[in-house]
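Asks:
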Amino acid sequence: MKILIIGLTSSGLGGMEYHNLGNYIIMEPLIDELQKTFTECQIRTSIQMSDEYCQKWNIVSLKEKRFYTYGLYTGVKTFIDIFKIGFWKLFALSGLKLNFLLNSSSLLSEINNADLVIDFSGDIYGDNAFWTKFLESNAELIFARMLNKKIAMLIGSPGPFKSTWRQILAKSNLMNIDLLTNREAKSTEFLEYIGIKGNHIYSTACPSVLFQKEPEELMSEIYQKEGLDKDRNRPLVGLILCGWNMPVAPFNKWPREDWEYQSFIELIDYLISEKNVDVCVMSHQNGTDKDGNFIKQNDHKIIGRLLALIGNKYTQDRLFSLKGLYTAAESKAIIGKFDILVSGRVHGAVQGLSQCIPTAIIDYGHEPRAHKLKGFAEIYDVSENVMDPLNIEQMKLVISQTIDNKEQYAQKLQKRVPQVQELALKNFVLLKELSEK
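In my numbering, the protein residues as written are 9 to 445.
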């Protein structure tokens, strides 16, 4: 089985692996389960993974520029490919297959050589994609359809499609691929609402629930460094913040005005002074320098400014942030030390929920809104724990109830998480069935 993974998660080198850690906790179990489902399969992907990752997981990451850029260069390549595949299809209908036309294009040859094409676009397929990215993604799906490949758009949260032309393209492609699995039912409901439906569309769950944390025996030095190895007299609340939770767009705006932090300052004051808990503020995102080393990125800036505005009001044991920068697996182990998690990143929340840690989810504070947050909350049966960051009283109430009822919350998750894991594995059962048709 030759598998080609494409899609709008094809960011530059380091983006999937090291930057938004939520992306990586999907990628690793996706590759793992594909290899378990299709033994001896060959996996090639336009997602830009490091050489170390490719060697570890025995995959090929296609490093040509056209697979991860969406400007003039890629546009010209795609325009030429339209003519190549058009002529190939025209002659193929008359019995003459001019395969040199396909082989002269890196993209067309990759699609042509694949038995199964998987589109892994997450929540980007829709208005979240810049128009050039959206056009390129749809062109790739059209090419795969013209080459009669089995196509699956896997574990996504497509939409919204506010513009008519995006809806038309989405409907044309998504109604005519072989399999579409959404990682939460909200996306399926949304697609049905705009007329994209069929027996090839399923609501499943995200494989991120299967992601494994760093083994405990490798975490002792990190726990000691971060002060997570000692017994505490009070519950420890982890607080993950990101630019999406802020009241003003864009998510990476910098610098921000001091008033934009006010709801989180008030929330931290409430948690420490009235709920008598300790708070660790952390990022679920990193950056990398030109040598691939971790550096602080947008979310770290927000956390740093938030703590600077609070100043020395609380001692280090009551309010602190992490000193180091960590991988997704290390971050999951760190989150496992929290008694309660409050997360503004959905896959940061999954890192807690999958460990049965009572978790409250902070919604986006500005447009574009993300229906996936409510969808993920529904699938873990915690819809009542999604909070509006612009409503401080709601945040206080939800987190207070989570702290006060943490035992019952954890017990509910202990029953629900295995069910979510089964739903996540359903993606690969459906892929196996597709491959055998």
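In this text, a Cβ means the ideal position worked out from N, Cα and C, and glycines have one as well.
Bear in mind that the values here come from a model prediction, so they are computed numbers and not experimental data.
Answer yes or no: do Ile176 and Ile159 have a C-beta to C-beta separation smaller than 8 Å?
Replies: No, they are not a contact pair.
Asks: Is it true that the region 159 to 169 meets the region 182 to 199, where meeting means three or more beta-carbon pairs spaced less than 8 Å apart?
Replies: Cβ pair count under 8 Å is three or more, so yes.
Asks: Below 8 Å on the Cβ atoms is my contact criterion, and I expect Val449 with Leu315 to pass it. Report the Cβ-Cβ distance as a whole number of Å.
Replies: Because the chain spans 9 through 445 in this model, residue 449 falls outside it and cannot be assessed.
Asks: Please report the distance separating the alpha-carbon of Gly167 from that of Phe142.
Replies: If I take the Cα positions, the gap works out to 11 Å.
Asks: Could you tell me the boundaries of the alpha helix (DSSP H) in which Cys62 lies?
Replies: Start and end: Asp59 to Trp65.
Asks: Any idea what DSSP makes of Thr53, helix, strand or coil?
Replies: Residue state, collapsed to three classes: strand.
Asks: Quick one: Cα of Glu129 to Cα of Leu155, how far?
Replies: The sequence given here places Ser at residue 129; Glu does not occur at that position. Cα-Cα distance, rounded: 21 Å.
Asks: Measure the Cβ-Cβ separation of Leu110 and Ser117 and say whether it is below 8 Å.
Replies: For Leu110 and Ser117, yes; Cβs fall inside 8 Å.
Asks: Excluding the 5 residues flanking Lys170 on each side, which residues of the same chain have their C-beta closer than 8 Å to its C-beta?
Replies: Within the same chain, Lys170 has close Cβ partners Asp135.
Asks: May I ask you to report which of helix, strand or coil DSSP gives Lys194?
Replies: The answer is helix: DSSP assigns Lys194 an H, G or I state.
Asks: Could you please give the first and the last residue of the uninterrupted beta strand (DSSP E) stretch that includes Lys158?
Replies: Its beta strand (DSSP E) spans residues Lys158 to Gly164.
Asks: Counting pairs of Cβ atoms below 8 Å between the region 394 to 408 and the region 262 to 282, do you hit three or more?
Replies: Because the criterion of three Cβ pairs below 8 Å is met, the region 394 to 408 and the region 262 to 282 touch.
Asks: Can you have a look at Val285 and say buried or exposed, based on whether 16 or more other CB atoms are within 10 angstroms of its CB?
Replies: When all chains shown are included, Val285 counts as buried.
Asks: Considering only residues of the same chain and omitting the five flanking positions on each side of Asn393, which have a CB-CB separation below 8 Å?
Replies: Result list for Asn393: Thr367, Ala368, Ile369, Ala385, Val406 and Thr410, in chain order.
Asks: Cβ atoms of Gly332 and Ile230: under 8 Å apart, would you say?
Replies: Yes, Cβ-Cβ distance for Ile230 and Gly332 is below 8 Å.
Asks: Return the bridge partner residues of Met403 from the DSSP annotation.
Replies: Met403 pairs with nothing; no bridge assigned.
Asks: Taking Val289 as part of the beta strand (DSSP E), name the residues at either end of that continuous run.
Replies: Residues Asp286 to Met290.
Asks: Exposed or buried, which one is Lys92 when buried takes at least 16 other CB atoms within 10 Å?
Replies: Lys92 is buried by the Cβ-count criterion.
Asks: Is Lys304 near Ser165, with beta carbons less than 8 Å apart?
Replies: The answer is no: Cβ separation not under 8 Å.
Asks: Between the region 54 to 61 and the region 234 to 242, can you find at least three pairs of beta-carbon atoms closer than 8 Å?
Replies: No, they do not touch.
Asks: Please determine, among Val350, Ile343, Val354 and Asp297, the residue with the shortest C-alpha to C-alpha distance to Lys382.
Replies: The candidate whose alpha carbon is nearest that of Lys382 is Val354.
Asks: Bridge partners for Leu439 per DSSP, in chain order?
Replies: For Leu439, which the question treats as bridged, DSSP gives no partner whatsoever.
Asks: In angstroms, rounded to a whole number, what distance separates the CA positions of Lys71 and Glu265?
Replies: Their Cα atoms are separated by approximately 40 Å.
Asks: Roughly how many angstroms separate the alpha carbons of Asn241 and Ala341, rounded to a whole number?
Replies: The straight-line gap from Cα to Cα measures roughly 21 Å.
Asks: Looking only at its own chain, which residues have a Cβ that is under 6 Å from the Cβ of Ile33, when we skip the five neighbours before and after it?
Replies: Cβ neighbours of Ile33 beyond the five flanking positions: Ser216, Phe219, Ala336 and His355.
Asks: Excluding five sequence neighbours on each side, which residues of the same chain lie with their C-beta closer than 6 Å to the C-beta of Thr212?
Replies: Cβ within range, chain order: Thr189, Leu431, Lys434 and Asn435.
Asks: Which parts of the region 258 to 313 are runs of the beta strand (DSSP E), unbroken and 3 residues or longer, counting only runs that do not cross its ends?
Replies: With a minimum length of 3 residues, the continuous beta strand (DSSP E) runs that stay inside the region 258 to 313 are 286 to 290.
Asks: Report the rounded CA-to-CA distance for Thr47 versus Lys440, giving the unit in angstroms.
Replies: Rounded to whole angstroms, Thr47 to Lys440 spans 11 Å at the Cα level.
Asks: Only counting runs of 4 or more residues, tell me where the alpha helix (DSSP H) segments fall wholly within the region 115 to 160, in order along the chain.
Replies: With a minimum length of 4 residues, the continuous alpha helix (DSSP H) runs that stay inside the region 115 to 160 are 139 to 154.
Asks: Between Ser499 and the rest of its own chain, which residues show a CB-CB distance below 7 Å, the 5 nearest in sequence each way excluded?
Replies: Past the edges of the chain, shown from 9 to 445, lies residue 499, and the structure says nothing about it.
Asks: Do Asp127 and Ile209 count as a contact pair if the criterion is CB distance below 8 Å?
Replies: Result no, Cβ atoms of Ile209 and Asp127 do not sit closer than 8 Å.
Asks: For Ile176, write down the residues that DSSP places opposite it in a beta bridge.
Replies: Answer is none; Ile176 lacks a bridge partner.
Asks: Under a three-way DSSP split, which group does Asn28 fall into?
Replies: Asn28 falls in the strand class under three-state DSSP.
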